[in-house]
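Below is one structure, written out as structure tokens; the observations come after it.
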Amino acid sequence: MTRGIVPPKIRRIVRTIDGGSRSIGSLVSSAIYYAKKYPKIAQCATPEQIVLETLRCAPPAWTVVRPVLDRNAAPPSLAAYVTEELEEVVISTLLIHHDEKYWQHPDSWLPSRWHQTSPSVSGFMPFGKGTERCFGQSYIFNLAVPLVGRVLPLLDSFCVTEEKAMPDGPLYSVASYELRYCESGS
Ligand code: HEM
């Protein structure tokens, strides 16, 4: 085994255990967070659009990693970064999702953009790409959309108790916040 590269079998087991809990929690809590922050926008959106836009703005898995199999295959634009030690390439889903090349107003949470956009559009890869993409994708979608639909009418019951958000920008979605369910809606 090459140093630092996890064999696919192990990676799948870890991903299955980890993916089912942390990432779905992150997705739903980010969706509630955005819907609370932008209630008027959320009111006009479907749960599906809210889930897609939250996956875009705040992808729970914000990097995808690929082993380097052939250093000579690197495109000229990346040649300067290819060294003998290079074993893996980390692709930032987060930065791609906030890239103006793919998205208009990339840093704004606008669920309505999904009215006319297909999830297979380039520049959108919350579940990775290709043969190694997440196999929990449909499961997550089928779970998160109705869940968000059930939570939306209860938004007043959630409160953001602590927010360490950076100003809107490419790193906005990695800001941390604490969301609590409050009976009183305070
Ligand atoms: C919101 C929830 C989830 C997100 C955002 C997510 C995202 C991802 C991403 C980005 C990858 C890497 C794909 C790539 O390298 O191209 C991945 C891989 C994987 N995910 Fe998920 N995932 C989620 C939930 C789940 C769930 C619920 C399961 C299991 C039931 C799961 C199982 C896996 C497995 C097994 C892989 C490895 C696939 C492979 O290496 O061939 N994920 N996931």
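So the sequence shown is numbered by our numbering: it starts at 3 and just counts up by one.
All residues carry an ideal CB built from backbone N, CA and C; glycine is no exception.
Cβ-based neighbour list, S31, same chain, cut-off 6 Å, excluding 5 preceding and 5 following: If the five residues before and after S31 are omitted, its C-beta is found closer than 6 Å to the C-beta atoms of L181, all from its own chain and listed in chain order.
Host beta strand (DSSP E) of S94 (start-end): Its beta strand (DSSP E) spans residues E90 to S94.
At the level of alpha carbons, what is the spacing between R68 and G27? Distance between the alpha carbons of R68 and G27 is about 25 Å.
On the three-state DSSP scale, how would you describe L54? Helix, per DSSP.
Straight-line Cα distance separating P148 from Y141: The C-alpha of Y141 lies about 12 Å from the C-alpha of P148.
Cβ contact (3+ pairs, closer than 8 Å) linking the stretch 105-118 and the stretch 43-62: Segments in contact, yes.
Going by alpha carbons, who is nearest to G151 out of A75, G132, E50 and K39? When each option's Cα is compared against that of G151, the closest is E50.
Starting from the C-beta of C136, find all residues in its chain whose C-beta is less than 6 Å away, skip the five residues before and the five after it, and write them out in chain order. Contacts found: F129 and G130.
If you follow the alpha helix (DSSP H) that R152 is in, where does it begin and where does it stop? R152 -> alpha helix (DSSP H) spans Q139 to V153.
Do P128 and ligand 1 come close, with the Cβ less than 7 Å from some heavy atom? Yes.
Alpha-carbon to alpha-carbon, K103 and M127: Each residue's Cα considered, the two are about 15 Å apart.
For A60, tell me which candidate among V153, A37 and A76 has the shortest Cα-Cα distance. When only C-alpha atoms are compared, the closest one is A37.
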